[in-house]
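When we follow the numbering used here, the leftmost residue of the sequence shown carries the number 4, and every step to the right adds one.
Ideal Cβ placement from N, Cα and C applies to all residues, glycine included.
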Amino acid sequence: MILSQSCKLCEEKFSGESAFCCRGCAAVFTILERQEALPHYQTHPVFQEALKAGLISNPRLLKREERGGLRERQILEVGGMWCPSCAEVIGLVLEQRKGVLKATVDYSTDLCCLEWDPQQMGIETLYTQIRKLGYCPSSLEDPARKKVGNELWTRFAVAAFCSLNIMMIAYALYAIEWNGDVEGMALTLAWSSALLTLPVVFYAGIPIWRRFWNGLSVGIWGMEGLVLMGISAALLLSFWNLFHEDARVYFDSATAIITLVLGGKILETRAKFNTKATLYNLLRTSPKKGRLPNGEFISLRDVKVGDHLVVLPGEKIGLDGVVEEGEGSVDEAWLTGEPLPRLKKRGDTVRAGGVALQGRLVWKVTAAWDQSSYRQLIDGLTVDFESKKEDTSPLDSILKMFVPAVMGLAVGVWAWEPNQIGLLKSMSVLLIACPCAIGIAVPLVEAELMNALASKGIVIRHRQALRYLGRETVTVLDKTGTVTEGRFHLKAGHAALTPEIQALAACSLHPLSRALAGPFLPVGSFREIPGVGLEGIVNGQTLKLGSAAFVGVEAGKETEVCASRDGIFQGRFVFTDQIRSLPPFKRPILLSGDVAEAVQMTAHAAQIPEWKGGVTPLEKREFVHKLRQQGEIVTMIGDGINDAPALNCAHVGIAVANATDLSSQVADLLLLRPELSLIVDAQNLACKGRKKISQNLFWAFFYNVMGIPLAAAGILTPLYAAFAMTASSLIVVWNSQIKREDVRR
């Protein structure tokens, strides 16, 4: 039976169409959802009591709860993983260690999320265990991290150099095979190719051997098993023939396989999703200390709920709380996505991560560091990283069956005919089944797609998203900087804009002031009232610039700034944010942290029927998560830090040009130009790419289905089996190419 998916609640593997492995899990999940206890549900009393009562199926979860004790959590990078099986091996081995509560390893990002009991072991013990398996663990803050290790490049260079020379020798051997050994050079050439094969197999191929034995030790069969069986068959048969003075050797096939695998791993490593950089930047830029009312600093981890902290202009707010003294403007763009700062006064809430622009605020802490908004943002990204681990390719499941089946057939052929002829048939089966065509069927098309999209100004950061791009049923869009340009333009009031007003506006960093700023003029008695307006004397005129109440007139309904000169009203400056041209997205939904009225106006102007305003970053993520639960394929388009959790949670996350570092690193696709029409181009190319992948896989498996029985029957000799394997790979390479006219459209 194939265990095709994981239970939505307990993570137990099972087969079937339901989201849950049993009725107990389904019932508990429903209760937790109604109590809004998701996604951090495993600490909820309902979950723990249901676990102890046996309503939840996964026995590993009960084992974790019984361990109890303290719990520490760390995300680290694991270098040297070659396939999803590597990640599975590491996770299984670590979870067998006493004291390890959870080990989630993701091959697509090279990240490992560890939870352990510090009373039973230290993090260095876990690092040592990973190193013993042949992988390289490192902290996200380690400056020595590299995308592609020099060792892998060296192995590939050795393999490529030797393989090219072996292929040149093979051409001569093939000619001798068909035309006769007139010069008597066949054995000399064959032994020369044998010597060149040794460094490829026993140096360049060491990572493949290591991954195979690691997987075998925990009962996992990966594609490396079939690759090594094909290589071993070619080597054994070749050396057998050489020792019997037969020049029919297949070293070119063995070395070509290793070279192709190494080259593919280099390309794959370079293209891996940079979630690790995202988490590193979040951890690095998160506030570490807070200012006490007496002026001293304290670590935020030592601050308790109910303590008081102070923030001055230019400082970052460390923890969530309620203002008890003072007032000032705070930039909460990371939370709302809106460029306008918000005025904070007594009784208002402040969020961790906000930056004080003006004024002095004293606030009472309402949430410790582990429960703060900023920490929830980090945890939200981690949860999505863990959930995407289960989103593996269907090809992985096929190979888990294909590899043992072929190896069993090869052994069966030899057991049926235990002589030299049976051995030849068995090795022919392994050679023709060597999954070169299968292994390159998907990566080659994805590489072509990445190059084609890059030429159009679209960078792919997470190749997994290509499976969903173009299949969307819902498109969620951020407002400011995505549907709009994110820059305020003066819509009305040009006649009232004098050089004196422009000079006063230039004294402030407020986004609306910057939209009015003009040439420099001396400003006297300047005063800026946070969230209210500006006042100063320019050319002998006392000017006021700010809200309608500040100037003393009735407020309008649009985004505006009013001006007065010597107490006389001068006019209103009305601002607008330019709407971008939107392509025809499937079921577009506008989602923004801005106030509902502004979101509604933008949705109406952009002709988007569904919208929602006033949502926090985690509420955005939860909105996307619920759409996924409903069976929708979701594309999220955004540009700000507040969009990062939703971008990471969606099937396809797209960051527009000029996006913040965080959102661009979390996103699956990055637009280098502010043209949303590029997304439609990417969707069309992705659909063509999936069609080519299907064609490649069909050909690769068709070739195996036709060739393996012929090899088992003795109709295909090892020489022709090796030739057929190469021909199959060449066909896949040719079919993977994307036409130029497809890119130009």
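Listed in chain order, the beta strand (DSSP E) runs fully inside the stretch 612-671 are 613-615, 637-641 and 655-658, counting runs of at least 3 residues.
The Cβ-Cβ distance between Ser256 and Ala444 does not fall below 9 Å. Within the stretch 128-196, the complete beta strand (DSSP E) runs of at least 3 residues fall at 139-142.
For Leu681, the secondary structure class from DSSP, reduced to helix, strand or coil, is helix. For Glu14, there is no enclosing beta strand (DSSP E), as DSSP marks it with neither H nor E.
Ile301 has Gly293 as its beta-bridge partners, per DSSP.
Distance from the Cα of Pro344 is smallest, within the candidate group Ile463, Gly357 and Ser166, for Gly357. The straight-line gap separating the alpha-carbon atoms of Trp419 and Glu180 is approximately 30 Å.
A distance below 6 Å between beta-carbons, with the five flanking residues on each side excluded, links Thr562 to the following residues of its chain, in chain order: Phe578.
Of all C-beta pairs linking the stretch 474-483 to the stretch 495-513, fewer than three are shorter than 8 Å, placing the two stretches out of contact. Ile741 sits in coil when the DSSP states are folded into three classes, being neither helix nor strand. Scanning Glu91, Trp156, Val203 and Arg158 for the CA closest to the CA of Ser166 turns up Val203.
In the DSSP assignment, Ala566 falls within the unbroken beta strand (DSSP E) covering Glu563 to Arg568. Judged by DSSP in its simplified three-state form, Arg530 adopts strand. The bridge partners DSSP lists for Glu80 are Leu114 and Ser141.
DSSP places Asp481 outside both helix and strand once states are collapsed to three, so it counts as coil. If you draw a straight line from the Cα of Met639 to the Cα of Trp243, it is about 59 Å long. Residue environment: Arg363 is assigned as exposed (fewer than 16 neighbouring CB atoms within 10 Å of its CB, all protein chains considered). Counted as a single uninterrupted DSSP element, the alpha helix (DSSP H) harbouring Thr605 occupies residues Ala599 to Ala608. Of all C-beta pairs linking the stretch 158-176 to the stretch 191-200, three or more are shorter than 8 Å, placing the two stretches in contact. Contact annotation: the stretch 456-468 does not touch the stretch 586-593, with fewer than three C-beta pairs closer than 8 Å. Rounded to the nearest angstrom, the Cβ distance from Gly329 to Gly293 is 16 Å, too far for a contact under 8 Å.
Per DSSP, reduced to three states, the secondary structure at Ser332 is strand. For Ile582, there is no enclosing alpha helix (DSSP H); the residue is part of the beta strand (DSSP E) that begins and ends at Ile571 to Ile582.
DSSP links Glu557 through a beta bridge to no other residue. Distance check between Gln686 and each of Pro712, Leu675 and Ile657 places Ile657 closest, using alpha-carbon atoms only.
Under DSSP, Pro591 forms a beta bridge with Thr478. Inclusion of Ile424 and Asp684 in the CB contact set at 9 Å is not warranted, their separation being larger than that value. Remark: C-beta atoms of Ile636 and Glu475 approach each other more closely than 9 Å. Within its own chain, the residues whose Cβ lies closer than 8 Å to the Cβ of Phe626, once the five positions on either side in sequence are excluded, are Val479, Leu594, Lys615, Val618 and Ala649, listed in chain order. Ala207 is positioned such that its CB atom lies closer than 9 Å to that of Arg158. Pairing Thr262 with Ala162, the inter-Cα distance amounts to about 5 Å.
Lys105 has Glu118 as its beta-bridge partners, per DSSP. If you look at Gln361, you'll find it isn't in any alpha helix (DSSP H); DSSP assigns it neither H nor E. Counting only residues of its own chain and dropping the five nearest sequence neighbours on each side, Leu239 has a CB closer than 8 Å to the CB of Met430. Distance check between Leu79 and each of Leu95, Leu104, Glu91 and Leu117 places Leu117 closest, using alpha-carbon atoms only.
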